[in-house]
Each structure stands twice: as C-alpha cells, then as structure tokens.
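**Student:** Residues in the sequence shown are numbered from 23 upward in steps of one, following the numbering used here. For every residue, glycine included, the Cβ atom is placed at its ideal position computed from N, Cα and C. Treat the numbers as computed from the prediction; the structure is a model and nothing was measured.
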Amino acid sequence: MNKVKCLIIGSGPAGYTAAIYASRANLAPVLIEGPQLGGQLTTTTEVENFPGYPDGVEPFTMMDDMRRQAERFGTQFVSGIVTKVEFATPVTGNPSPVTHKVWVEDTDLYEADAVIIATGASAKYLGLESERTYRGRGVSACATCDGFFYRKKTVAVVGGGDTACEEANYLAGLCEKVYMIVRKPFLRASDIMQQRVLSNPKIEVLFEHNTLQLTGEGKVQGADLVYRKGEPDEEIRHITIDGFFLAIGHLPNTELFKDYLKRDAEGYIIVDGDSPRTNVPGVFAAGDCADPHYRQAVVAAGSGAKAAIEADKYIKSL
Ligand code: NDP
C-alpha cells in the first residue's frame, strides 16, 4: 500500500496543472497517467490557442512541457490505469484523517487524503476504419482546435445537435463551405442554433445522410455518404471535402466513480458551483470530466489549479 497526501488521476492539461500546483504546495502528489498520456489534446495536430505559445505548439510538446514542469517540483508519475476506487465518507468525530483508496491495474493500492479526478472526456467517433486512418489528417473532433487549418476549404460536420450546429457555424466563419451530415430528417439542436445553421449560406445540411467511408490519398479528400439507407430511394453520394469533423457527443470518463460521485444525466461529475468540490469531501474534479460546456485545454488547466488549491486547503484542515 502507498500512502500519499494528494493523488491525481489523469494526464491532460487539468491533471498536469493540478500536479504543478500541488507539488509547489508541498503535497508531494502522485499522478496516475491513464490510458492516453497527455489526454485528448494529443489527438489534435497543433495547438494555437493556448496562451504562451505565440507560434503554436505540437500537442505532445506542450503536454511534455507541462509534465516536466510538474516533475521539476516533485510530482511522481505512475503509468497505469485506475481500475477501482473506494472513496471514504468522513465519520463525525473520527480523529484519524479520512483516506480514499485508489487501485492501479487492480494490484497497486494508493491511499490518499485528497484525490483530484482529471480523467477528461472522450469524443465519440462513428467507428469507421477510414476515420482511424485519417485521424489527425483531416479527421478531427474539435472545430475550435483544428478549424483554423481549414481556412477557405470545404469541410463536413457530422451530427445534428447543438455542438454540431455550433461547430458548423464556427467553421463557416473560416471555411469556403460546410456540409452538415445529419442522420435524421431534422436537427436535434435548440431552435436558435438551428436557425443560425439554416440561415447561413455557407452551410448545406444533408439530412438523412450517413457516412460510409472517407476517401483520399494520405489525407481526407472526400466522403462517401448514403442517403435514406434502406428506403426505396436509397442513394450513394460522394462529397469532396478537406476536413471531417465529428460532433456526435462526448463521453466523460467517469464510469469508475459512479458509486461515489454525483453525476449528471450525461455522466459529467457534478461540482459545487464554480469550485472543483464534489459531493465527497477530499475528492475534487477538474477539466472535461466535470465540464460539458467549454472543453478547452486552457479552461481545464485553470480548473486543475483550482482543484489543487482546494485539495491543499482540505488537507490542511484534516
Ligand atoms: P447531442 O447528443 O445533443 O447530439 C448528438 C448528435 O449527433 C445528434 O444529432 C445525433 O443524432 C448525432 N449522432 C449521434 N450518434 C451518431 C452516429 N453514430 N451517426 C450520426 N449521427 C450521430 O450532443 P451535443 O454534443 O450536440 O450536445 C450535448 C449537450 O450539450 C446537449 O444537451 C446540448 O444541448 C448541449 N450543448 C449546448 C450548447 C449551447 O447551448 N450553446 C452547445 C453545445 C452543446 P440523432 O439526433 O439522430 O440522435
């Protein structure tokens, strides 16, 4: 068993920033890096909107910079996946500090006074093989991150919800043309978002279309779609595009905590207002696992700092 003051789960901007702050507060944090070192950001090609990098930065470089910064102040890193947790609920009058238990790979047990969860969220993909082939070469799940690379080009956005509409509008501000590929004959998005999309001359909504595959030499150059699959008028159509943006939802990586933490209907951890406090004292949530709205690296980093500050206060109060 390993006894630590502060355990951080997740190695994205939220986790690493929490580690920088926690280690500088002498909490000697241990950070469990999880299945995707560097987090979601590393699925993008270049980061141009994180302050401090005026010429843009390669995502692995940025995440390595954050990691080294945390290491410099004494963060210990453990590579592995958290497989089980048991969060304690404090007993009134119990004189011993409450500890939370976290197992890595089922075998290594960590007992921590405070736990910071920064497990992020994963964008949903359609599951096409060609989607994997062109990941980072025309396939993206973040218009805000990657849209800029498609200035004056033609792109497609998949999905008919608020995110898809928001992304299509954002991309229409940069691109020559934006297709929206919507599987139903209507949009699911709120009225105002629908109106914006439907009144934008640069956006063409392809209702009742599904994507069969992406095509191109080394990068996305087109997509084969099927119109009204299974209906008598079913038709295969091809569109020429340079970018393919998924906006079919995100899944917060919070399943592991469901027996202890309050989550909303989509699985995002519910925190106490603007703070990173969860319903369990000593357990904090930072970054996309608790943020259904912004999903930006800089926002996640800020919430990581808040979580470490709160963890420090909590530990001092024990
Ligand atoms: P949603 O779940 O609302 O929408 C997902 C969309 O993707 C739907 O149109 C769905 O189609 C489609 N979809 C899902 N799976 C597939 C698939 N395999 N193939 C093709 N299409 C698929 O997710 P969002 O991310 O858009 O929104 C999540 C929440 O966040 C919502 O509550 C939304 O209102 C909110 N939000 C609010 C914003 C705002 O207010 N500005 C901005 C962004 C999000 P179908 O309709 O057929 O199921």
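For the putative contact between N191 and R173, defined by C-beta atoms under 8 Å, what is the C-beta separation to the nearest angstrom?
**Tutor:** In fact, because the Cβ distance is near 15 Å, the residues do not count as touching under 8 Å.
**Student:** With distances taken Cα to Cα, identify the nearest neighbour of A269 among C311, I225, D184.
**Tutor:** D184
**Student:** Rounded to the nearest angstrom, how far is the Cβ of V69 from that of R159, given a contact under 8 Å?
**Tutor:** That pair is no contact at about 17 Å.
**Student:** Buried or exposed for F306, please, with buried defined as at least 16 other CB atoms from any protein chain shown within 10 angstroms of its CB.
**Tutor:** buried
**Student:** Taking Q216 as the reference, which of C187, M202, D168 has the closest Cα?
**Tutor:** Residue C187 holds the alpha-carbon nearest to the alpha-carbon of Q216 among C187, M202, D168.
**Student:** Under three-state DSSP, which class holds Y347?
**Tutor:** Absent from the model: residue 347. The displayed extent of the chain is 23 to 340, so no value can be given.
**Student:** Taking only heavy atoms of ligand 1 into account, decide whether any of them is closer than 7 Å to the Cβ of S152.
**Tutor:** no
**Student:** Rank S297, F267, I258, A327 by C-alpha distance to the C-alpha of D246 and give the top, closest one.
**Tutor:** I258
**Student:** Quick one: is P35 buried, meaning 16 or more other Cβ sit within 10 Å of its Cβ, or exposed?
**Tutor:** The C-beta of P35 has 16 or more other C-beta atoms within 10 Å across all chains shown, which makes the residue buried.
**Student:** Which first and last residues belong to the alpha helix (DSSP H) in which F99 is found?
**Tutor:** Taken as a continuous stretch (DSSP letters only), F99 belongs to no alpha helix (DSSP H), being part of the beta strand (DSSP E) at 98 to 100.
**Student:** When you measure from the CB of A143 to every non-hydrogen atom of ligand 3, does any distance come out below 7 Å?
**Tutor:** You won't find ligand 3 in this model; what it holds is ligand 1.
**Student:** Quick check on N275: buried or exposed, where buried means 16 or more other Cβ atoms within 10 Å of its Cβ?
**Tutor:** buried
**Student:** Could you tell me the distance, in whole angstroms, from the CA atom of A178 to the CA atom of A110?
**Tutor:** Cα-Cα distance, rounded: 47 Å.
**Student:** Please report the Cβ distance between K106 and D128, rounded to the nearest whole angstrom; I am assuming they are in contact, meaning their Cβ atoms lie under 8 Å.
**Tutor:** Under the criterion of beta carbons closer than 8 Å, K106 and D128 qualify as touching, at roughly 7 Å.
**Student:** Could you tell me the alpha carbon to alpha carbon distance between T97 and G182, rounded to whole angstroms?
**Tutor:** 42 Å
**Student:** I think D264 touches T141, with their Cβ atoms under 8 Å apart; what is that distance to the nearest whole Å?
**Tutor:** The pair is not a contact, with the Cβ atoms about 33 Å apart (cut-off 8 Å).
**Student:** For D246, which three-state DSSP category applies?
**Tutor:** strand
**Student:** The beta strand (DSSP E) with Q62 in it runs from where to where?
**Tutor:** Premise fails: Q62 is in no beta strand (DSSP E) and is neither H nor E.
**Student:** Between H272 and ligand 1, is the CB less than 7 Å from at least one heavy atom?
**Tutor:** yes
**Student:** Report the option in E332, K328, K335, S339 whose CA atom is closest to the CA atom of T39.
**Tutor:** K328
**Student:** Is it right to say A349 is buried, meaning 16 or more other beta carbons lie within 10 angstroms of its own, or is it exposed?
**Tutor:** Here the chain comprises residues numbered 23 to 340, so residue 349 is not present and cannot be evaluated.
**Student:** Please report the residue range of the alpha helix (DSSP H) in which C167 lies.
**Tutor:** 165 to 168
**Student:** Shortest alpha-carbon distance to C197 belongs to which of V320, S212, P223, S45?
**Tutor:** P223
**Student:** Closer than 8 Å is the cut-off here; do at least three beta carbon pairs connect the stretch 322 to 340 with the stretch 43 to 53?
**Tutor:** yes
**Student:** Quick one: what's got a C-beta closer than 8 Å to M85's C-beta in the same chain, skipping five residues either side?
**Tutor:** S33, G34, P35, Y38, L59, G60, G61, L63, T64
**Student:** Determine the DSSP secondary structure at L128, reduced to helix, strand or coil.
**Tutor:** According to the sequence displayed, residue 128 carries Asp and not Leu. Looking at D128 - three-state DSSP - the assignment turns out to be coil, as it is neither helix nor strand.
**Student:** Could you give the DSSP three-state label for F82: helix, strand or coil?
**Tutor:** helix
**Student:** Could you tell me which whole beta strand (DSSP E) segments of length 3 or greater appear in the stretch 252 to 311?
**Tutor:** 257 to 262, 265 to 268, 272 to 274, 305 to 307
**Student:** Could you tell me whether the Cβ atoms of L236 and L150 are closer together than 8 Å?
**Tutor:** yes
**Student:** Classify R94: buried if its beta carbon has 16 or more other beta carbons within 10 angstroms, exposed otherwise.
**Tutor:** exposed
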